[in-house]
Structure formats: C-alpha cells, structure tokens
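Q:
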Amino acid sequence: MTNGKPPCDPIVTSGEAVCATPGETRALGARFAAALEPGAILSLEGTLGAGKTQFVKGFAAQGGHTGEVSSPTFTLLHEYAGQVPMVHFDWYRLEEESAVIGLGWDDYLAGGETLLVEWGDRFPDLLPSGAWRLRFRIDGESRVITWERIP
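Last residue of the sequence shown? That's 150 in numbering that gives the first Met the number 0, and every number before it is there in order.
1) Just tell me which of Phe73, Gln82, Leu133 and Glu44 has its CA closest to the CA of threonine 65.
2) What ranges does the beta strand (DSSP E) occupy inside the region 15-83, keeping only unbroken runs of at least 3 residues that lie completely in it?
3) Relative to the alpha-carbon of valine 143, which residue among Phe31, Ala29 and Phe135 has its alpha-carbon at the smallest distance?
4) Could you check what DSSP says for arginine 223 in three-state terms: helix, strand or coil?
5) Between the C-alpha atoms of proline 71 and aspartate 106, what's the straight-line distance to the nearest angstrom?
6) Please check the pair glutamate 117 and tyrosine 91, which I expect to be a contact at CB under 8 Å, by giving their CB distance rounded to whole angstroms.
7) Would the region 19-35 and the region 93-109 be scored as touching if the rule is three or more Cβ pairs under 8 Å?
8) Within 10 angstroms of the Cβ of glutamate 44, are there 16 or more other Cβ atoms? Answer buried if so, exposed if not.
9) Report the CB separation of phenylalanine 58 from alanine 29 in whole angstroms; it is logged as a contact under 8 Å.
10) On the DSSP letters alone, give me the boundaries of the alpha helix (DSSP H) that aspartate 138 sits inside.
11) Quick one: is leucine 47 buried, meaning 16 or more other Cβ sit within 10 Å of its Cβ, or exposed?
12) From the DSSP secondary-structure annotation, give me the bridge partner or partners of tryptophan 118.
13) Quick check on DSSP: helix, strand or coil for serine 13?
14) Going straight from the alpha carbon of leucine 125 to that of alanine 19, what length do you get?
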C-alpha cells in the first residue's frame, strides 16, 4: 500500500488502506480472506470502477478459487468453489429487497458460505449484525478502502 501505513490487518474491527494499483486492491482482498472465518459476510460499497471486483478477485484466489472472477452485474450472483466456498452478489440492478430475497438470500445466510455483496448499501437492512462494511472510493489514480463491522 502506498499510504505510508503498515499493511492493514483486517482482523481489527475497522481500518483504511490506500491502494495505488488493481494488484494492491487484490492483495487487500487476499489479506481479508486469510484473516476472516468462512461464512463471513462483506458488503462492498462504492461507485462504479472503485475496485470492488478487484477486491473480490484477490479474496476468491486466497480462498482457493482458480477460475474466472467477474462482477455478476447481469447474472446477479456467482458461486466460487475452493477451500472456502463463496457467493459473490451484485445488487446494483435490483430495485427492491424482495428481489434479493428471491435470489435465495435467506438460504445463503444460513448456508455458511462466505458472502461478498457488491452494492450491499442498496439494501442495508438485509445485512446482518457483525457483517463487514467496506467502502471503496476513487482518489485520483488510487482507491481508498475503509472497513468496519456492522453493529
């Protein structure tokens, strides 16, 4: 990371990182995957192009997924195999909470997979207490990512 801070440790309840490249954003995702228990829920929030999918690419690779990782903007979710099963959601195009429920959200919450939700801020009431909220923003050529636990 180029922010002059030591590499972030996502085990703490909140933090910030400045990622100068997509590779650094993927590395942050990998560090989160290594630190979190299977079944974690992450809400990835930020504008288009802010680094959410790059983060998921690193997270999925660290979790043992060897295939392609892309934003599920039109398919709404992708399931990734690996040592840590993951489900990658994209709520950008959904208009109502009922559409998320219709995807089987409650079943996924109970299923134990790690859940990564792009645009999770569209339906914050569906995110359980204890989930992680990561906010991505563009700052020039860099990406600033902050995180905290949802109370």
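Yeah, the Cβ is synthetic: ideal placement off N, Cα and C, and Gly gets one too. Here the structure is a predicted model, which is why all the values come from computation and not from measurement.
A: On the basis of the coordinates in this document:
1) Gln82
2) 40-45 and 76-79
3) A check of alpha carbon separations from valine 143 across Phe31, Ala29 and Phe135 identifies Phe135 as the nearest.
4) Residue numbering for the chain in the displayed model covers 0 to 150; residue 223 lies beyond these limits and cannot be assessed.
5) Rounded to the nearest angstrom, the two C-alpha atoms are 19 Å apart.
6) 7 Å
7) no
8) buried
9) 7 Å
10) Run containing aspartate 138: none in the alpha helix (DSSP H); it sits in the beta strand (DSSP E), 131-138.
11) exposed
12) DSSP, once it has assigned bridges, lists no residue as partnering tryptophan 118.
13) strand
14) Spanning the two alpha carbons is a distance of roughly 32 Å.
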